[in-house]
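Here the sequence shown stands for residues 9 to 593, numbered as in our numbering.
A virtual CB, placed ideally from N, CA and C, is assigned to each residue, including glycine.
Here is the structure we will look at.
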Amino acid sequence: MGTLTRPAIAFVNPSVGFSDRRKSKPIGLAYIMAYLEKSGFPSSGFDFGDSEDDAVELAAHYGLDRFDVVGFSVYNESFRAAIAMAEWIKNRRPECLIVLGGPHATAVHEHILRRYSCVDVVVRREGEEAMLDLVRGLDVGPGVGPGVDGGDRAGLTGIKGTTWRAPGGAGLLVNEDRDFVPDLDQIPFPDAEFTSHSGYPDLTYYDEVQGRLKAALTICSSRSCPYNCSFCGVLTIGRKYRSREAERVVAELLHFRARHGVNYEHVYFSDANFFVSPTRALEVAEALYEADPQVTFSFGTRVNQILKAAEVLPRLKECGLRFIELGIESASEPVLERLAKHVKPEVNVAAVRLLKRLGIEISLDFIMLDPATTLPDVRANLEFLREAGFYDYVPHDHLYTALVLYEGTPIRDYYARRFGVVFDPDDLPSPFTLFELPEVQRFSDTLRAFRKRWQDRIDDALAQGELALASMADGSDGSDGLRGPDDSDLPRESHARLQLDVVSLRHAPNLFMERLLEDAEAGFPLLDEGGVEAGEDDGLEALLPSLGHDRVHLHDLIERTEAAAREAGFAQAPGAGAVGPHGRD
């Protein structure tokens, strides 16, 4: 019998076309790679997720044509980059098996195979078991059936959960769905390494309670979500919720501590919805606390679940809960109905009040605009943000968000019917070009112009100003606390002025947005008086609020804050400002 030939396997996370400063490893691919490794099939991982380089140049630079199997995990944003790489590989190595998976590939699997001859197979929904069946089918001796030499692969085309192009061009072979992995604890930890084009920043969390920076680890303790929000890509993969045992979550933390030589003390749970079962969430929290009382954690969930399980929250806080990423999305009832959130605006308010009363930080998930947004919808959102105390919330990304119509989601179908159009399955339409009302379009264009011109400068000045405030407070700027060496009041006065300026910078985007909304509600008289079209920078001047303790121009406020930071020894290069670890675009 001939010697078995293991296929050379690569998994690729293609670029989404922009750089994300909060980049982390693609955990879905890491799970598949670890699952194959456990069965004796090692693979190589390539993560180009935040690369802005040409896709083909990346494929050539990293030699993706040397593999027998290349699997791409694709989202709407990364689909075209994946296809460009796949075509390049296929032209140079026709026998290579090109596999696509992920939410977008699952949603339009038939379309992909009909339009793109470079793709051989789509793995739908979860990928571990189907990929293992695929590579096992290729793992045969030379000249025996399907193999890495590009021979007949007919024996592979019946694998559950896959879609193939039928031999001879006779249509498609859409195999029956594969059952979801029932026991997530049987899947190895996602211990896979990736060649990254840009590297990974250290993941940290600043624990204000303990007053120190902690090394952090991302852990996925469950899969899917039983709810049906109309905009959520989880629906593409499936709503069958499954969770891991608390002991395995603790074991994963300890595993990566030993593996990386890093004492991880904060866990970011990346679950689509960690709080589906409050009892199970409490078991995980208590297991982490028992293993190491210094460990803190955070997770994401829905507002209605917060209220239903309010009695569990104090104990979760005792066990180290620091913040919850809260899917509020909107304060407008019509928008919440379109998003299929099945909650009322008052539920959002009640959940926020509860968490604030308990002293649990909130990370804000928000969709400011959707294609059918009206100015009253925007007004409801701004009033909610003000009244709920989110004017001090940073980063300011939530002010600029617009609903993205991902392929495979009900909301995309809803707007296709509403607009009477057929969206190209390959395209992800810009959410900033779909507004039905011209006044909302102009509002959005002007808001985006403000973001482009001012937001990075605000972020940089805020980062520097807050560091300077901290140094003044603890005396590390050379003074004795808030007083100078001669016991004068000048440092205290400087501290107070800088505090007011920093607070004003935090509020600046919110205040600009309020003035812009007032102008929009009045028919844009201030913008029109400037004699400019929507979105042009010069039209912003009339809307900029006066800020700071002495009501100065935003430009002057930024320069003054940066000067105070330089005086305290905390100057930094423009564009280097950091945002919180749980901010979201």
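Below 8 Å between beta carbons: does that hold for residue i and residue j?
i: Tyr422; j: Arg456; result: no
i: Leu324; j: Leu362; result: no
i: Lys31; j: Asp58; result: yes
i: Asp527; j: His557; result: no
i: Val275; j: Leu296; result: yes
i: Lys352; j: Pro196; result: no
i: Leu513; j: Ala572; result: no
i: Ala224; j: Leu243; result: no
i: Glu4; j: Leu180; result: Lying outside 9 to 593, the shown extent of the chain, residue 4 is not represented and no answer is given.
i: Phe87; j: His69; result: no
i: Gly292; j: Val320; result: The residue you asked about is not Gly; residue 292 is Val in the sequence shown. No, the Cβ-Cβ distance between Val292 and Val320 is not below 8 Å.
i: Pro389; j: Ser452; result: The amino acid occupying residue 389 in the given sequence is Asn; Pro does not appear at that position. Result no, Cβ atoms of Asn389 and Ser452 do not sit closer than 8 Å.
i: Pro234; j: Val311; result: no
i: Ile17; j: Leu37; result: no
i: Ala42; j: Asp199; result: yes
i: Leu344; j: Phe305; result: no
i: Leu164; j: Gly177; result: no
Can you check DSSP and say which residues form a bridge with residue i?
i: Phe427; result: DSSP, once it has assigned bridges, lists no residue as partnering Phe427.
i: Ser204; result: Asp55
i: Val560; result: Leu555
i: Ser285; result: None, per the DSSP bridge assignment.
i: Arg252; result: Its beta-bridge partners do not exist; DSSP assigns none.
i: Ser340; result: Its beta-bridge partners do not exist; DSSP assigns none.
i: Asn21; result: Asp55
i: Ala223; result: Thr212
i: Ile106; result: Val78
i: Phe374; result: Glu337
i: Trp96; result: The partner list for Trp96 (beta bridge, DSSP) is empty, contrary to what the question assumes.
i: Ile304; result: For the record, residue 304 in the displayed sequence is Thr; it is not Ile. Per DSSP, His274.
i: Ser230; result: Ser251
i: Arg310; result: Gly335
i: Leu181; result: Trp172
Among the options, which has the Cα closest to the Cα of residue i?
i: Met139; options: Pro50, Asp215, Leu192 and Arg173; result: Pro50
i: Leu221; options: Pro198, Val303 and Arg252; result: Val303
i: Asn84; options: Ser251, His563, Phe283 and Glu415; result: Glu415
i: His4; options: Arg425, Asp564, Pro437 and Trp462; result: The shown model of the chain, from 9 to 593, leaves out residue 4, and the question about it has no answer.
i: Leu506; options: Ile566, Gln449, Asp453 and Pro553; result: Ile566
i: Asp467; options: Gly428, Cys327, Asp400 and Val429; result: Asp400
i: Glu255; options: Pro234, Glu298 and Gly219; result: Glu298
i: Asp385; options: Leu525, Ala293, Ser278 and Val270; result: Leu525
i: Glu444; options: His69, Leu347, Phe427 and Val64; result: Phe427
i: Thr417; options: Val320, His503 and Thr114; result: Thr114
i: Leu334; options: Ile368, Glu345, Arg465 and Pro342; result: Ile368
i: Ser668; options: Arg173, Cys228 and Arg265; result: No statement about residue 668 is possible, as the shown extent of the chain runs from 9 to 593 and does not include it.
i: Gln449; options: Ala504, Gly531 and Val430; result: Gly531
Classify residue i as buried or exposed, calling it buried when 16 or more other Cβ atoms lie within 10 Å of its own Cβ.
i: Lys364; result: exposed
i: Gly308; result: buried
i: Gln194; result: exposed
i: Tyr272; result: buried
i: Lys98; result: buried
i: Ser554; result: exposed
i: Ser232; result: buried
i: Pro190; result: exposed
i: Asp55; result: buried
i: Pro128; result: Per the sequence presented here, residue 128 reads as Asp, with Pro not at that position. So Asp128 counts as buried.
i: Gly207; result: exposed
i: His268; result: exposed
i: Asp435; result: exposed
i: Ile2; result: Outside the shown range of the chain, which is 9 to 593, sits residue 2, and nothing can be said about it.
i: Glu391; result: exposed
i: Thr381; result: buried
Tell me which residues share the same chain as residue i and place their Cβ nearer than 8 Å to its Cβ, disregarding the 5 neighbours each side in the sequence.
i: Leu315; result: Val355, Ala358, Ala359 and Leu362
i: Pro568; result: Checking the displayed sequence, the identity of residue 568 turns out to be Arg instead of Pro. Here the set comprises Asp509, Gly556 and Val560.
i: Asp73; result: Ala67, Trp96, Ile97, Arg100, Arg101 and Cys104
Using a Cβ-Cβ cutoff of less than 7 Å, which residues in the same chain neighbour residue i once the five nearest sequence positions on both sides are dropped?
i: Leu534; result: Asp527, Ala550 and Leu551
i: Glu201; result: Gly53
i: Lys349; result: Cys237 and Glu337
i: Glu447; result: Leu383 and Ala528
i: His406; result: Leu372, Phe374 and Met376
i: Ala576; result: Ala476, Ser479, Met480 and Asp485
Grab me the residues of residue i's own chain with a C-beta within less than 6 Å of its C-beta, minus the 5 sequence neighbours each way, in chain order.
i: Leu442; result: Pro379
i: Pro439; result: Ala410, Leu411 and Val412
i: Phe26; result: none
i: Ala90; result: Pro22, Phe80 and Val82
i: Val182; result: Thr171
i: Arg574; result: none
i: Gly141; result: Contrary to the premise, residue 141 reads as Asp rather than Gly in this sequence. Ile167, listed in sequence order.
Between residue i and chain B, is there a C-beta pair that is closer than 8 Å?
i: Phe239; result: Among the chains of the structure shown, chain B does not appear; only one protein chain is present.
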